[in-house]
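The block underneath contains the structure these notes are about, expressed in structure tokens.
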Amino acid sequence: MKVFTYTQRVYFSDTDAQGIVYHARYLDFAEHARTELARQLGTSGLEGTRALVVRSMNVSFDRPAYLDDLLTVDTSVAESGRFSLVLDQVIRRDDQVVCRLSVKVACIDINTKRLAPLDDSLLEALT
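First residue of the sequence shown: 5, per the working numbering; consecutive thereafter.
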């Protein structure tokens with residue numbers, strides 16, 4: 005299983021008044037990692053006729069992250085189907101797990117807004 009890694013610094017705007025990362029910001033960190041994964045695969049996600057959209061998400065907060073922490077987001081494919089993927093994303097500070105996400109993304113045709121099969125080349129690159 006391939007693991008794609010993205011690094012994210014925690015900025016002041018990511019935190020509350022106590023310097024602790026606001027819970028919704030972890031969703032942004034995970035989204036940034038998925039965007040960088042698409043970029044590594046040679047697409048920004050804005051060209052072509054297909055797009056991956058978030059269908060569902062489970063999030064587990066293990067411990068807080070703080071202002072100026074350097075976080076690593078590891079993304080891997082947990083499941084793949086004809087029309088969707090389940091991505092496991094783990095956000096760490098050094099060796100400590102901060103947050104875990106399981107994200108189901110569906111492939112849609114941009115023009116019709118209906119489900120479309122995933123590209124075989126995308127599945128091959130991810131797995």
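Quick reminder that beta carbons are idealized off the backbone N, C-alpha and C, glycines included.
All figures in this text were calculated on a predicted structure; none of them were measured in a lab.
Taking the straight line between their C-alpha atoms, what separation do you get for L41 and D113?
20 Å
Under 8 Å, with one C-beta from each stretch per pair, do the region 122-131 and the region 80-89 reach the 3-pair mark?
yes
CA-CA distance, P121 and G23?
43 Å
Closest by C-alpha distance to R67, when choosing among V7, S17, R86, V102:
V102
With distances taken from CA atoms, which of R29, T131, K117 is nearest A69?
R29
Quick one: which unbroken alpha helix (DSSP H) runs of 4-plus residues sit fully inside the region 30-110? Chain order, please.
none
Under three-state DSSP, which class holds L4?
The question about residue 4 has no answer, for the chain in this structure spans 5 to 131.
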